[in-house]
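Enquirer:
Chains as they are written, first to last, in the numbering used here: chain P, 1 to 547; chain W, 548 to 832.
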């Protein structure tokens, strides 16, 4: 048992230190007011209890996403909790409530199989969902597979452990040596025959299976064994498994497979315990806390500003189930641009790194910033999140800070002086791997061939109209931009404030007597720069910094 | 009348009163709105990448076609971008092919028809001024309304086909039907400035100021909006001005669905009027 004690101590230590570390970090750098509760404390408690029952225990929020998802999660949740409380912690929980508890008696033997089977079915459903759905498969990471694998190994090794014990003559011998006192010479043979016949022990020799011997065996079993041993048939998974393994029983029994599986089972349990504070494994702790604290609200209480702690708990509560990304309203932009930071579940992972200062590469910041920018704050991720995270608040609260570190093209431009703006973007990668799928108008001088520089576009432009000094505030006027493009001087237009301060109201285009698509061209110029920034974040050093 | 309801991204969190009032008014006028899981119209991402924008828009058409319904939207920017995508798909075969392959990846098919209507068009053509007039229980008599058109529905006129881009009348017709008095104002077809929020706040605010002053100068009581972005600009963003700013006294922005709702005699609660930042105290309301 030294192995067990050392292993458990080690795993528990890692677990506790990890949890303390993780909880200690629940105070990131956020700018917000202190939380204040406007409604009464009792009301708050009431709602928290309601949330605990509905959202945590009954997984109501998961139920809103899809039935299969809810079923899989419920099976794993109830199955695993049953095993944890009544099997793993049987000495503290079960034995307290049931003084005559023996793990080999029913209903425990049956329940252990039931909980194990529930968990296993749930895990299989989870794997099925993640393999079957193309979108979900893309959102599945190492941690998801690792969690499924470790849980699966715990359950499977448990079933194999029990099956190997059921069939093991060595285990049988140990029990009879300790607890069985044969009265007559044939007693032990009769008991062995009975156990081989009824309980599935696979002995290396055949015992007589006549009625008389079995009857004697039955009465001996009745006298000595049944107080602690229910029929193994109620272990409805392990017993059939033992039957299936009968052809290899000899090999398993001589190699003491029961001990081997015990080590496997215990080691997997220790791994799971030690992994609890890390990454996704932490969600069984943080998600219920988040659900109870937020009480399933998608908004914040009146006068209640989310505190730094609430936000950090929220970020930790993410299980990366991918449900938000499946319903994200800007997911089509991800399909085209391939930036994972557009999807909320992935963006949250970047936000976590960003908060803890782990996200340092310029490419990572650029990608996160773009994801932040493309989000339309439509509330759908917050609405759907089964863990009840206020994602909307996280996005809005982080937007300003990421923009400072990895500015949008618009912000890059506005940080420059007038002279710098002339060719501000031309040091960014011009060979974009993701082509700025645009109309191609700007590069085609024929688009402006008909332009007669009549200045109609400029004179109807509302932006030009509200500027005190248009050439100072806008650098170039619409008709000047059209003229530069006609001459092939596209680089000179990209940094012009006019391009970035266009409201896209289309008055220029509507009024152009020569049908030149002025506004469409301005959109296209922005697209060109956005594509360069996207690539420049990864491979260019300048990031639009040069003159 | 049955439509796929396309509220756009801003209504759920940023302007829920628009969603609430649109749904209330449509219910009262027997327009059935079917909620479908649409994605973003693609307008915001058009500044970043056109293909992403067009794909977003066309994907919505594919979703609507699967349900066999035309799209109904109360947002002019959403309407404008959906129409823009439709015209780009028709004029560019290569683009259309790219979008089709993206749709197929998503398990959707290229939509054959791309029908989208702005709410004003539905009210004007499907409900009609006469029915609106007859259903009006509470005519907005004496209320001078400055109708705010919204750029992306009007222009480019050949793409959106919404109304005459130089001299539109649909908004005024609807306001007249509910008894209000539309005013003529110079800047009614100009941009609200919201697209520049966060990009160039100075110009955005200057545009807002100029328009509100113009509407005030012709004696308008309210500025009627029929676009999520326009309302956000003239109500929520204006509310960020200091209390002493005279612009706060300019005509309050009221959503077209709120005005119609009042005229139809709907509950103020259902119209979300109390959520407007710059309150409107109309005569008798």
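Backbone N, C-alpha and C fix where the C-beta goes; we use that ideal spot for every residue, glycine too. From a predicted model like this one, the values you see are computed outputs, not experimental measurements.
Going by DSSP in three states, residue 772 of chain W sits in which element: helix, strand or coil?
Expert: Translated into positions along the second chain, residue 772 of chain W becomes position 225. Residue state, collapsed to three classes: strand.
Enquirer: Could you check where the alpha helix (DSSP H) with residue 197 of chain P kicks off and where it finishes?
Expert: Residue mapping note: residue 197 of chain P aligns to position 197 of the first chain, counting from 1. Note, residue 197 of chain P: alpha helix (DSSP H), 187-198.
Enquirer: One question on the structure: do residue 834 of chain W and residue 726 of chain W come within less than 8 Å of each other, judged by their Cβ atoms?
Expert: Summary: the structure shown does not reach residue 834 of chain W, with chain W confined to residues 548 through 832, and so no result is reported for it.
Enquirer: List, in chain order, every chain W residue whose beta-carbon is nearer than 7 Å to that of residue 462 of chain P.
Expert: Along the first chain, read from residue 1 onward, the residue named residue 462 of chain P stands at position 462. Those are 737, 738 and 754, listed as they occur along chain W.
Enquirer: Using only the alpha-carbon positions, how far apart do residue 303 of chain P and residue 757 of chain W sit?
Expert: Sequence index remark: in the first chain, residue 303 of chain P carries index 303 (1-based). Sequence index remark: in the second chain, residue 757 of chain W carries index 210 (1-based). Its pLDDT being 48, under 50, residue 303 of chain P is placed unreliably by the model, and the measurement read from it follows with that caveat. Straight through space, the alpha carbons of residue 757 of chain W and residue 303 of chain P are spaced by roughly 34 Å.
Enquirer: So, for residue 479 of chain P: in the same chain, excluding its five sequence neighbours on each side, which residues have a beta-carbon less than 7 Å away from its beta-carbon?
Expert: What you label residue 479 of chain P is simply residue 479 of the first chain in a count that begins at 1. So the list reads 453, 455, 457 and 458, once near-sequence residues are dropped.
Enquirer: Determine, using beta carbons only, whether residue 763 of chain W and residue 801 of chain W come nearer to each other than 8 Å.
Expert: Counted from its first residue, the second chain places residue 763 of chain W at position 216. Counted from its first residue, the second chain places residue 801 of chain W at position 254. Their beta carbons are not under 8 Å apart, which means residue 763 of chain W does not touch residue 801 of chain W by this criterion.
Enquirer: Taking its Cβ as the centre, do 16 or more other Cβ atoms sit within 10 Å of residue 567 of chain W, making it buried, or is it exposed?
Expert: Sequence index remark: in the second chain, residue 567 of chain W carries index 20 (1-based). Buried is the call here.
Enquirer: Straight-line CA distance for residue 632 of chain W to residue 821 of chain W?
Expert: Position 85 of the second chain holds residue 632 of chain W. Position 274 of the second chain holds residue 821 of chain W. Whole-angstrom Cα-Cα distance: 36 Å.
Enquirer: Rounded to whole angstroms, what's the CA-CA distance from residue 549 of chain W to residue 804 of chain W? Just pull it up for me.
Expert: As a working note, residue 549 of chain W is residue 2 in the second chain. As a working note, residue 804 of chain W is residue 257 in the second chain. One C-alpha to the other measures close to 18 Å.
Enquirer: Using beta carbons (cut-off 8 Å, strictly below), is residue 436 of chain P in contact with chain W?
Expert: What you label residue 436 of chain P is simply residue 436 of the first chain in a count that begins at 1. Any reading at residue 436 of chain P must be qualified, since the residue scores a pLDDT of 49, below 50, and its modelled position is unreliable; the value itself is stated next. Residue-level contact check: residue 436 of chain P touches chain W, since one or more beta carbons of chain W fall below 8 Å from its beta carbon.
Enquirer: I'd like the list of long-range same chain contacts for residue 712 of chain W, defined as Cβ closer than 7 Å, with 5 residues on each side in sequence excluded.
Expert: Here residue 712 of chain W refers to the residue found at position 165 when the second chain is read from its first residue. These residues qualify, in order along the chain: 701, 702 and 704.
Enquirer: For residue 405 of chain P, collect the residues of the same chain with a Cβ closer than 8 Å to its Cβ; drop the 5 residues on either side in sequence, then sort them by chain order.
Expert: Position 405 of the first chain, counted from the first residue, corresponds to residue 405 of chain P. Once the five neighbours on either side are set aside, the close Cβ partners of residue 405 of chain P are 365 and 369.
Enquirer: Is it right to say residue 717 of chain W is buried, meaning 16 or more other beta carbons lie within 10 angstroms of its own, or is it exposed?
Expert: Residue 717 of chain W sits at position 170 when you count from the first residue of the second chain. Buried, by the Cβ-count rule.
Enquirer: So, are the CB atoms of residue 766 of chain W and residue 755 of chain W less than 8 Å apart?
Expert: Your numbering for residue 766 of chain W matches position 219 in the second chain. Your numbering for residue 755 of chain W matches position 208 in the second chain. No. Outside cutoff.
Enquirer: Are there 16 or more other CB atoms within 10 angstroms of the CB of residue 239 of chain P, so buried, or fewer, so exposed?
Expert: Stepping through the first chain from its first residue, residue 239 of chain P is reached at position 239. With 16 or more other Cβ atoms within 10 Å, it is buried.
Enquirer: Just to make sure I have the definition right: I need the residues of chain W whose C-beta is within less than 7 Å of the C-beta of residue 332 of chain P. Which are they?
Expert: As a first step, residue 332 of chain P must be located in the first chain, where it is residue number 332. 586, 599, 602, 603 and 606, listed in chain order.
Enquirer: Report all residues from its chain with a CB closer than 7 Å to the CB of residue 501 of chain P; omit the five preceding and five following residues, and keep chain order.
Expert: Mapped onto the first chain, residue 501 of chain P falls at position 501. Excluding positions up to five away in sequence, the list reads 463 and 474.
Enquirer: Closer than 9 Å by beta-carbon distance: list the chain P residues that pair up with residue 665 of chain W, in chain order.
Expert: Sequence index remark: in the second chain, residue 665 of chain W carries index 118 (1-based). Within chain P, no residue comes near residue 665 of chain W; the closest Cβ sits about 16 Å away, beyond 9 Å.
Enquirer: Does the stretch 613-626 of chain W come close enough to the stretch 649-665 of chain W that 3 or more CB-CB pairs lie under 8 Å?
Expert: Segments in contact, yes.
Enquirer: Please determine if the stretch 47-59 of chain P and the stretch 124-144 of chain P are in contact, where contact requires at least 3 C-beta pairs separated by less than 8 Å.
Expert: As far as the Cβ criterion goes, the stretch 47-59 of chain P does not touch the stretch 124-144 of chain P, which means the pair count is below three.
Enquirer: For residue 530 of chain P, would you say it is in contact with chain W, using Cβ-to-Cβ distances shorter than 8 Å as the test?
Expert: Within the first chain, numbered from 1, the residue matching residue 530 of chain P stands at position 530. Answer yes: the Cβ-Cβ gap between residue 530 of chain P and chain W drops below 8 Å somewhere.
Enquirer: If you draw a straight line from the alpha carbon of residue 123 of chain P to that of residue 148 of chain P, how long is it in whole angstroms?
Expert: Taking the first chain and counting its residues from 1, one reaches residue 123 of chain P at position 123. Taking the first chain and counting its residues from 1, one reaches residue 148 of chain P at position 148. Roughly 7 Å between the two C-alpha positions.
Enquirer: Strictly below 8 Å CB to CB, what residues from chain W border residue 509 of chain P?
Expert: Indexing the first chain from 1 puts residue 509 of chain P at position 509. Neighbours of residue 509 of chain P on chain W, chain order: 702 and 703.
Enquirer: Within the 8 Å Cβ cut-off, does residue 526 of chain P reach chain W?
Expert: Against the first chain, residue 526 of chain P aligns to sequence position 526. Yes, because at least one Cβ of chain W sits closer than 8 Å to the Cβ of residue 526 of chain P.
Enquirer: For residue 450 of chain P and residue 317 of chain P, what's the separation of their Cα atoms in angstroms?
Expert: Counted from its first residue, the first chain places residue 450 of chain P at position 450. Counted from its first residue, the first chain places residue 317 of chain P at position 317. When rounded, the distance between both Cα atoms is 59 Å.
Enquirer: Pick from P:310, P:150, P:213 and P:503: whose alpha carbon is nearest that of residue 76 of chain P?
Expert: The sequence position of residue 76 of chain P within the first chain is 76, counting from 1. When only C-alpha atoms are compared, the closest one is P:150.
Enquirer: Using DSSP's beta-bridge definition, name the partner residues of residue 549 of chain W.
Expert: Stepping through the second chain from its first residue, residue 549 of chain W is reached at position 2. W:579.
Enquirer: Output yes if chain W places a C-beta closer than 8 Å to the C-beta of residue 536 of chain P; else output no.
Expert: Position 536 of the first chain, counting from 1, holds the residue named residue 536 of chain P. It does not: the Cβ of residue 536 of chain P has no partner Cβ on chain W nearer than 8 Å.
Enquirer: Quick one: which chain W residues come within Cβ less than 8 Å of residue 581 of chain P?
Expert: A question about residue 581 of chain P goes unanswered here, because the residues of chain P that appear run from 1 up to 547.
Enquirer: By DSSP's criteria, residue 695 of chain W is part of a beta bridge. Which residues make up the other side?
Expert: Your numbering for residue 695 of chain W matches position 148 in the second chain. BP columns for residue 695 of chain W point to W:772.
Enquirer: Does DSSP put residue 115 of chain P in a helix, in a strand, or in coil?
Expert: Counting from 1 along the first chain, the entry for residue 115 of chain P is found at position 115. It is helical.
Enquirer: So, are the CB atoms of residue 603 of chain W and residue 625 of chain W less than 8 Å apart?
Expert: Sequence index remark: in the second chain, residue 603 of chain W carries index 56 (1-based). Sequence index remark: in the second chain, residue 625 of chain W carries index 78 (1-based). No.
Enquirer: Determine the direct distance from the alpha carbon of residue 611 of chain W to that of residue 408 of chain P, and round the result to whole angstroms.
Expert: Your numbering for residue 408 of chain P matches position 408 in the first chain. Your numbering for residue 611 of chain W matches position 64 in the second chain. Between the C-alpha atoms of residue 408 of chain P and residue 611 of chain W there is a straight-line separation of about 33 Å.
Enquirer: With DSSP as the reference, label residue 368 of chain P as helix, strand or coil.
Expert: Taking the first residue of the first chain as position 1, residue 368 of chain P is located at position 368. Residue 368 of chain P: helix per DSSP, three-state reduction.
Enquirer: Under 8 Å between beta-carbons, which chain W residues line up against residue 523 of chain P? List them in chain order, please.
Expert: Locating residue 523 of chain P in the first chain gives position 523, counting from the first residue. Residues of chain W with a Cβ closer than 8 Å to the Cβ of residue 523 of chain P are, in chain order, 593, 594 and 597.
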